[in-house]
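K.L.:
Structure provided below as C-alpha cells; questions to follow.
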Amino acid sequence: KIKIGFSIDEDLRVIRAVREAIGDEMRLMIDANHGYTVTEAIRLGKAAADYDIDWFEEPVVPEQLSAYREVRAGQPIPVAGGETWHTRYGIWPAIESRAVDILQPDLCGCGGFSEMAKIASLATLHGVRIVPHVWGTGVHLAAALQFMAAMTPDPVRVNPIEPIMEFDRTENPFRQAVLKTPIETVNGVVAIPDAPGLGIEIDRGALSEFKVSQG
Numbered sequence: 708k709i710k711i712g713f714s715i716d717e718d719l720r721v722i723r724a725v726r727e728a729i730g731d732e733m734r735l736m737i738d739a740n741h742g743y744t745v746t747e748a749i750r751l752g753k754a755a756a757d758y759d760i761d762w763f764e765e766p767v768v769p770e771q772l773s774a775y776r777e778v779r780a781g782q783p784i785p786v787a788g789g790e791t792w793h794t795r796y797g798i799w800p801a802i803e804s805r806a807v808d809i810l811q812p813d814l815c816g817c818g819g820f821s822e823m824a825k826i827a828s829l830a831t832l833h834g835v836r837i838v839p840h841v842w843g844t845g846v847h848l849a850a851a852l853q854f855m856a857a858m859t860p861d862p863v864r865v866n867p868i869e870p871i872m873e874f875d876r877t878e879n880p881f882r883q884a885v886l887k888t889p890i891e892t893v894n895g896v897v898a899i900p901d902a903p904g905l906g907i908e909i910d911r912g913a914l915s916e917f918k919v920s921q922g
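Just so you know, the sequence shown maps onto residues 708 to 922 in our numbering.
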C-alpha cells in the first residue's frame, strides 16, 4: 500500500512508478488519508483504475459519508475506510448506506473483541468486506490476528478470499519490544500466535524502558 493525497498529477506518477516496479502480480492499494475533495478523488480513481488497484482508502474526510458514497459511485476502484469510526453505532451508517466496499475497523479503537464481532456480522450481512486496521503495539497486533483467525470466509467458496489486515510497518521500537517473542512477517504473511490467551507474553523489563515519569 502506498500513501497518496498530495496532488493528482504527483500521485498518478507515483502509482504508475510503483506498479511498474512491482509488476502485475503483486497487489497494490492506495491511501489518501482523506487528502482529496470528492471531485479530486473521483478524477484520481478514474485515472488510476488502469493500474489494478485493490482499494482506494480514505479518499475523503471520514465524517462525510455522503462524500464517500459519491466517490464510490463516481469511479471504479473499491473504496475503503473505517479506521477512525468507533463502535457499531458509529460504523452502522457507513455499512447501511454502502459508503464503502471494504470496512477497516480498528479492534482497539472500535470497542474490542465483542464490538468488533458485532461490526463484522453487520458488514457480512450487507456484503461489506472486513479488513482490520492495526496501529499500535504487538499486543494490538496479536489481538487482531486472533480475531481474524476466528473470522469465517465471506463469501464461503472453494477458494476463499485470503484474509488480510493493514498494520503499521514504520520504525517503532516499542511495537515489538513489549513482546518476549516479536511477531514477524515472512513474505507478507504473519503467523497467528498459538500460545494461551492472545498467544503472546509481555516483556515487563522492556516496558520499564519506555516508562514516563510524572511529577
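Backbone N, C-alpha and C fix where the C-beta goes; we use that ideal spot for every residue, glycine too. No experiment lies behind these values; they were computed from the predicted model shown.
Could you pull the DSSP bridge partners for residue 909 from this structure?
P.N.:
In the sequence shown, residue 909 corresponds to position 202, counting from 1. DSSP lists 886 as partners of residue 909.
K.L.:
For residue 720, which option in 754, 733 and 882 has the closest C-alpha, if you only look at C-alpha atoms?
P.N.:
Residue mapping note: residue 720 aligns to position 13 of the sequence shown, counting from 1. With distances taken between Cα atoms, residue 720 lies closest to 754.
K.L.:
So what's residue 708 in DSSP terms, helix, strand or just coil?
P.N.:
Numbered from its first residue, the sequence shown carries residue 708 at position 1. Reduced to three states, the DSSP call for residue 708 is coil.
K.L.:
Quick check: the segment 761-781 against the segment 812-820, are there 3 or more CB pairs under 8 Å?
P.N.:
In short, these stretches do not touch, since the Cβ pair count stays below three.
K.L.:
Short of 8 Å in beta carbon distance, which residues of its chain neighbour residue 916, apart from the five on each side in sequence? Order them along the chain.
P.N.:
Taking the sequence shown and counting its residues from 1, one reaches residue 916 at position 209. Excluding sequence neighbours, residue 916 sits near 884.
K.L.:
Among 786, 850, 913 and 827, whose alpha-carbon lies nearest the alpha-carbon of residue 907?
P.N.:
As a working mapping, residue 907 is identified with position 200 in the sequence shown. Nearest of 786, 850, 913 and 827 to residue 907, Cα basis: 850.
K.L.:
DSSP on residue 863, reduced to helix/strand/coil?
P.N.:
Residue numbering aside, residue 863 sits at position 156 when the sequence shown is read from its first letter. Note: residue 863 maps to coil in three-state DSSP.
K.L.:
Between the segment 814-834 and the segment 863-883, are three or more C-beta pairs nearer than 8 Å?
P.N.:
no
K.L.:
What is the DSSP secondary structure of residue 739, counted as helix, strand or coil?
P.N.:
On the sequence shown, residue 739 is found 32 positions in, with the first residue counted as 1. Coil at residue 739, not helix or strand.
K.L.:
For residue 786, does the three-state DSSP call read helix, strand or coil?
P.N.:
As a working mapping, residue 786 is identified with position 79 in the sequence shown. Looking at residue 786 - three-state DSSP - the assignment turns out to be strand.
K.L.:
Buried or exposed: which applies to residue 711, given that a residue is buried once 16 or more other Cβ atoms fall within 10 Å of its Cβ?
P.N.:
As a position in the sequence shown, residue 711 is number 4, starting the count at 1. Label assigned to residue 711: buried.
K.L.:
Restricting to runs no shorter than 4 residues, where is the alpha helix (DSSP H) found entirely within the segment 743-810?
P.N.:
745-755, 772-781 and 794-803
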